[in-house]
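Below is one structure, written out as structure tokens; the observations come after it.
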Amino acid sequence: MFGLVLACLPSTDIFRTIYGYDDCGNICGRNNIRAIDLPCSGEDMRYKPYLLLTVTATSLEPLRSCVADCNTSEGYELIFNRCVRFQLRGLGQVPPPQGYLDELWQDVGNFWLELFALCVMALLGSFGMLVLLWCATRVVILAMVASIVGVCFCGTVWLWYTWYHADGRSSSSLLWYAVGSTIATLIVFPLITFVWKKITMVVQLMAEAGEAIRSMLLMLCIPIATITTLLVTFFLAAIFILVIESSGHAKLIDGSVTYEKSTLVLITRWYHLITLAWFLQFVYGCQHLVTAGATTQWFFSRNKATLKAPVPRSWFALIRYHLGTVALGSLLMSFIQLLQWLQRILLYTSGKSQKLQRLGNACLCCVGCCRGLLDPVCRNAYSLTAMRGLPLCVAGTEAVRLMRVNAANVVGVMPTESVVLLLAKVFVVALVGYTGLELANRRAELYHPYVMAGAACALCFLIADCFLLLYEVSGFSVY
């Protein structure tokens, strides 16, 4: 990856993206060299650091020019080195449409402080949820189960009542919603009845997981290390994206200079996406293996008072022996994930062909089933590797055998624990997401407030997932 990025550097200038460039290819705020055979190319723009974007009715793309001050043109404001003109719409000010990447770039520049505050809020909320699960495991689980049953029953009754008193076009759609809710309720109630006997076991598992975390408070450093690694990864990925997207050779198209990317740059763009997906799975795999290693050392130790440094020892075992195991497992998971993304893209671009839509949905369903089967096998293989030091293939075979022998308990316990932890994550994400949506809607200068709120929810889910993964992995390891 580093080699491909270095190969893109000769045709890269990151200031093209940071400051922008005008229709002649001159980068604003820089002393340019001639990039193309045009009289206006190669001008000194050091005293014109801002890019003025002028939207016209005759062109789909805005006209680009470098200016010294946004106030030279009436109605323009400076947003992230761009001069943007605001138009009144309703009670607020809304910027006119521009390039999508430029709009997102400016939104991030305007909303980064709120994103940071929302991430801190998610961090505190995740830690609070951990403490809540420590103190009242049974109460939390029973409350979540009762909430599911209550929402299904009350929602179904309300939909049938609304349909009975509705008239006109809305009655037909409400009928379908009521029927769907009834079917969902009829599925949920037997499922709750089936797993009710397993609720006691889930409570015991989560209580044991909480006791392990309380006994090894250093385990709280594992999600913090994971989040720090993810932040560094995203920072490097952003730099690589900046280098890749800023590379290209000047070319005149319709009277305006654009920088066209070579085949090597296009290959690097896709390779960067694959590498990023692989490394994200690798980071989560490392957290899983370290958590499982520390938990199994604590659980199977007869005299826990004499247990010395289980978390550092688990880190050492990962670095010394098991990096290859995690790399192979994360490669398999990332391959399935990328295959799903590719199929969704092909399904989206297939048009209105019914045959292609059906074929794409069938393939997507098959790949989703493969991922659903591979994910628990890979997780249990990590736990067996941490406990017995087995290679990935041997640990995966043993994990399949154990899951087949204990199929009844696995079907009842693991989904129940996963649902409980998923609801805990959803609670934290909903709290932060609602706050982020309110903050984004109050910022009139944002082009895409819902995208910023969605980014806040995604970051919040990553943070909550890293913390609550301690419970999930510890429970699986003990089980």
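If you're matching positions, the sequence shown starts at 4 in my numbering and goes up one per residue. All C-beta atoms, glycine included, are put in the ideal place defined by N, C-alpha and C. Remember, it's a predicted structure, so these values are computed and weren't measured experimentally.
Could you tell me the boundaries of the beta strand (DSSP E) in which residue i lies?
i       : result
Thr-261 : 259 to 263
Ile-277 : It is not in any beta strand (DSSP E) - Ile-277 instead sits in the alpha helix (DSSP H) that spans 266 to 302.
Glu-401 : That residue, Glu-401, is in no beta strand (DSSP E); its alpha helix (DSSP H) goes 395 to 408.
Ile-39  : From DSSP, Ile-39 is part of no beta strand (DSSP E); its letter is neither H nor E.
Tyr-79  : 79 to 82
Ile-256 : 252 to 256
Leu-54  : 53 to 57
Leu-66  : 66 to 70
Going by other Cβ atoms of all chains shown within 10 Å of its Cβ, with 16 needed for buried, is residue i buried or exposed?
i       : result
Trp-301 : buried
Gly-258 : exposed
Asp-378 : exposed
Ala-433 : exposed
Thr-15  : buried
Asn-29  : buried
Gly-23  : buried
Asn-74  : exposed
Glu-441 : exposed
Thr-352 : exposed
Gly-183 : exposed
Pro-452 : buried
Cys-155 : buried
Ile-256 : exposed
Ala-125 : buried
Leu-234 : exposed
Do you know whose CA, among the options, lies nearest residue i's CA?
i       : options                            : result
Asn-306 : Cys-373, Arg-316, Ser-218, Thr-236 : Ser-218
Thr-438 : Leu-292, Lys-51, Leu-121           : Leu-121
Gly-32  : Ile-21, Leu-234, Val-286           : Ile-21
Asp-25  : Val-397, Leu-220, Lys-254          : Lys-254
Arg-361 : Gln-346, Gly-375, Cys-372          : Gln-346
Ile-39  : Leu-135, Gly-251, Asp-72, Val-154  : Gly-251
Val-314 : Leu-220, Leu-471, Asn-364, Leu-425 : Leu-220
Met-147 : Val-160, Leu-440, Val-206          : Val-206
Leu-81  : Leu-66, Leu-56, Pro-65             : Leu-56
Cys-366 : Gln-357, Leu-350, Leu-376          : Leu-350
Ala-308 : Ile-144, Ala-215, Phe-192, Ile-270 : Ala-215
Thr-196 : Leu-233, Ala-210, Val-152          : Val-152
Cys-368 : Leu-162, Trp-344, Pro-452          : Trp-344
Leu-118 : Asp-468, Thr-159, Val-454          : Val-454
Cys-86  : Trp-115, Asn-113, Tyr-53, Val-111  : Tyr-53
Val-431 : Cys-469, Arg-404, Tyr-79           : Cys-469
Met-390 : Thr-400, Ser-317, Leu-359, Arg-404 : Ser-317
Met-204 : Ser-249, Ile-144, Leu-245, Arg-407 : Ile-144
Arg-404 : Pro-193, Leu-424, Val-422, Val-380 : Val-380
Ala-459 : Gly-183, Ile-348, Phe-114, Leu-269 : Phe-114
Could you spell out the range, first to last residue, of the alpha helix (DSSP H) harbouring residue i?
i       : result
Cys-369 : 357 to 391
Leu-349 : 326 to 351
Met-147 : 140 to 168
Glu-248 : 224 to 248
Gly-6   : 5 to 11
Ile-21  : 18 to 21
Arg-316 : 313 to 320
For residue i, collect the residues of the same chain with a Cβ closer than 7 Å to its Cβ; drop the 5 residues on either side in sequence, then sort them by chain order.
i       : result
Thr-328 : Thr-388, Pro-394, Leu-395
Ala-330 : Phe-285
Cys-157 : none
Gly-213 : Leu-136, Trp-137, Thr-140
Leu-426 : Met-147
Pro-13  : none
Ala-402 : Val-380, Asn-383, Ala-384, Leu-387
Ala-456 : Gly-436, Gly-439, Leu-440, Ala-443
Val-70  : Lys-51, Tyr-53, Leu-55, Cys-86
Leu-245 : Ile-17, Thr-20
Apart from the five residues on each side of it in sequence, which residues of its chain come closer than 8 Å, Cβ to Cβ, to residue i?
i       : result
Arg-37  : Ser-44, Gly-45
Leu-267 : Leu-7, Ala-10, Cys-11
Gln-340 : Ala-280, Gln-284, Arg-374
By Cβ distance, which residues of its chain are closer than 6 Å to residue i, with the 5 residues on each side in sequence left out?
i       : result
Leu-178 : Trp-166
Phe-18  : Ile-30, Arg-33
Leu-163 : Per the sequence shown, the amino acid found at residue 163 is Trp instead of Leu. Ala-181, listed in sequence order.
### Query
So, do the stretch 282 to 301 and the stretch 214 to 234 have three or more beta carbon pairs nearer to each other than 8 Å?
Counting C-beta pairs closer than 8 Å gives three or more between the stretch 282 to 301 and the stretch 214 to 234, which meets the contact rule.
### Task
Evaluate the contact criterion for the stretch 278 to 286 versus the stretch 187 to 207: three or more CB pairs, one atom per stretch, below 8 Å.
no
### Task
Flag this pair as touching only if the stretch 285 to 292 and the stretch 465 to 477 have three or more C-beta atom pairs under 8 Å; answer yes or no.
When C-beta atoms of the stretch 285 to 292 are compared with those of the stretch 465 to 477, three or more pairs fall below 8 Å, so the two segments count as touching.
### Message
Under 8 Å, with one C-beta from each stretch per pair, do the stretch 379 to 386 and the stretch 322 to 341 reach the 3-pair mark?
### Response
Because the criterion of three Cβ pairs below 8 Å is met, the stretch 379 to 386 and the stretch 322 to 341 touch.
### Query
Is the stretch 261 to 275 touching the stretch 307 to 323 in the sense that three or more CB pairs, one from each, lie closer than 8 Å?
Contact between the stretch 307 to 323 and the stretch 261 to 275 is absent, because fewer than three Cβ pairs lie under 8 Å.
### Query
Are there three or more Cβ pairs, one per stretch, closer than 8 Å when the stretch 328 to 343 is compared with the stretch 233 to 241?
no
### Query
When the Cβ atoms of the stretch 454 to 466 are set against those of the stretch 114 to 133, are three or more pairs found closer than 8 Å?
yes
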